[in-house]
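Sequential numbering of the sequence shown, starting at 1, is according to UniProt numbering. Glycine included, C-beta positions come from ideal geometry on N, C-alpha and C. Being a predicted model, the structure only gives us computed values, none of them experimental. The structure appears below as C-alpha cells.
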Amino acid sequence: MPAILYFMFYASLGLGTSLTFLSSHWLTAWMGLELTTLAILPLMAQHHHPRASEATTKYLLVQASATGLLLFATILNGWVEMSWSISEMKNPYALTLAMSALALKLGLAPFHLWLPEVMQGLDLLTGLILSTWQKLAPFALLMQISQAMPPALLTILGLSSATLAAWGGLNQTQLRKIMAYSSTAHLGWSVIIIQFSPGLALMALGIYILMTMAAFLTMKDMSSTKISTFSTSWSKSPEKMVAMILILLSLGGLPPMTGFTIKWLILEELTKQDMYTPATLIVMAALISLYFYARLSYFTIISLFPGTSNIKTYWRQKNIKDKLILPIATTAAIFLLPLMPLTLALTYFYN
Numbered sequence: 001m002p003a004i005l006y007f008m009f010y011a012s013l014g015l016g017t018s019l020t021f022l023s024s025h026w027l028t029a030w031m032g033l034e035l036t037t038l039a040i041l042p043l044m045a046q047h048h049h050p051r052a053s054e055a056t057t058k059y060l061l062v063q064a065s066a067t068g069l070l071l072f073a074t075i076l077n078g079w080v081e082m083s084w085s086i087s088e089m090k091n092p093y094a095l096t097l098a099m100s101a102l103a104l105k106l107g108l109a110p111f112h113l114w115l116p117e118v119m120q121g122l123d124l125l126t127g128l129i130l131s132t133w134q135k136l137a138p139f140a141l142l143m144q145i146s147q148a149m150p151p152a153l154l155t156i157l158g159l160s161s162a163t164l165a166a167w168g169g170l171n172q173t174q175l176r177k178i179m180a181y182s183s184t185a186h187l188g189w190s191v192i193i194i195q196f197s198p199g200l201a202l203m204a205l206g207i208y209i210l211m212t213m214a215a216f217l218t219m220k221d222m223s224s225t226k227i228s229t230f231s232t233s234w235s236k237s238p239e240k241m242v243a244m245i246l247i248l249l250s251l252g253g254l255p256p257m258t259g260f261t262i263k264w265l266i267l268e269e270l271t272k273q274d275m276y277t278p279a280t281l282i283v284m285a286a287l288i289s290l291y292f293y294a295r296l297s298y299f300t301i302i303s304l305f306p307g308t309s310n311i312k313t314y315w316r317q318k319n320i321k322d323k324l325i326l327p328i329a330t331t332a333a334i335f336l337l338p339l340m341p342l343t344l345a346l347t348y349f350y351n
C-alpha cells in the first residue's frame, strides 16, 4: 500500500476521533464514529488473506449495528426530549439503547464476543490500533452520558466485563485473543468507576493504553503471536522478554507495577462509595486475569525451549527501524508508580 494511503487513513482516524471529542451534538459525534470505522477498514484488510477479510467483514457488521442502534437512540431522545445535545439525553429508554450501542463498540461484556475473533485476523499493528485508539471516541461519549445512567447498570456492565473476560482468557493460546480479553477486562474497571470519578476512569483508560502499547510493540518486535513462540524468544533477546514479563504482570495488576496503582485507586474509590460487594467481586475477577498473565510469564521464562547451540549470532538481520517508542511505552507501563501523586493531582483537577 502506498505511503500516501497510510497517511490518509491515519489522518482520518485522528480526524474522526477529534470530531467526536469536540462534539456536543449527536449528529457530529455520529459522523466522527463513522469516520474512524471507515478509516480502519482498509488497514484491517490490507493483507490479502481470508482471515483478514473475515475479520474486516465481522468488524464492519458489528460497528454498523452499533452505529444504527446509537442513531436510533438519539432519534428517540430527540423525539421525546426535543433535543439533540449529548448532555441533554435524559430519556431512560434512549439512554439504555445508547449505552448498549457504546458497549458494543467498545467490546464490553456481554457484547464482547466479536472482539477476540476480529483481533485474531489482524496483524499486530492494526490490533494495537483497534485495542487503543478505537476505544477513545466511544469512551468519550460514554463519559458524557454516564452521569445520567442508572448506577446499577454501569456496575453490572463493569463487573460482567471484568469477570467474563477473565474467564474467557484462561484457555487461550493466541496472544491477540488474550489481548482482546484483556481489553474487555480493563475497560470493565473503567466503566465501574466512571459514574463516581470520571477523571479516574480516564486515567485508567490512559494507563491501559500505555500497557497495551508496550505489549503489542514487544510482540511485534519479537514476531510472536502464540504462546508456543514465547518459549523460543528468550534466547533471541532476554532483555526484551524480561520487559515483556514485567508488562504482563503490570497488566495483571501485580504490585508495584503501574497496573496495580490504578486498580488500587479504583478499589479505594469504590470503598468510599460503600460498594464493598462490587469491589470484592472485581478483585476476584482480577485474580483470574492475573493467572493467565502469570501463565504467559511461565511460558516465557521458565519453560525454555531446549537448545544445544552456543552461537551468539543469528541468521536474522537486525531491524534498523526506530525503537524509541518501545522503550518509552515499556518504561511507562512498568515504572509509572512514582509519578502517581502528580497524576492524581491532575485527575482531581479534572474532576
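Burial of histidine 186 is indicated by the presence of at least 16 other C-beta atoms within 10 angstroms of its C-beta. In this structure, Ser161 is the residue among Met203, Ser161, Leu122, Met211 with its C-alpha nearest to the C-alpha of glycine 188. Contact annotation: leucine 265 and proline 278 have beta-carbon atoms that are not nearer than 8 Å. In its chain, beyond the 5 residues on either side, no residue has a beta carbon closer than 6 Å to the beta carbon of arginine 295.
Put simply, of Phe230, Leu281, Ile209 the residue whose alpha carbon is nearest the alpha carbon of leucine 251 is Ile209.
Sequence-distant Cβ neighbours of threonine 212 in its own chain, meaning closer than 6 Å and more than five residues away, are Ser131, Thr132. DSSP, reduced to helix, strand and coil, places histidine 186 within a helical segment of the structure shown. Annotation for lysine 135: the continuous alpha helix (DSSP H) segment containing it runs 133-145. C-alpha of phenylalanine 72 to C-alpha of alanine 165: approximately 28 Å in a straight line. Secondary-structure assignment with DSSP links histidine 25 through a beta bridge to Ser85.
Distance from the CA atom of threonine 74 to the CA atom of lysine 58, rounded to whole angstroms, is 24 Å. When secondary structure is reduced to three states using DSSP, glutamine 174 falls in the strand class. Per DSSP, the continuous alpha helix (DSSP H) segment holding leucine 97 begins and ends at 92-106.
For tyrosine 293, the enclosing alpha helix (DSSP H) starts and ends at 276-297. Spatial neighbours of lysine 90 in its own chain (CB-CB distance under 7 Å, excluding positions within 5 residues in sequence) are listed in chain order as Glu81, Ala148. Look at lysine 226 here: in three-state DSSP terms it is strand. When the Cα atoms are used, lysine 220 and leucine 154 turn out to be separated by approximately 35 Å.
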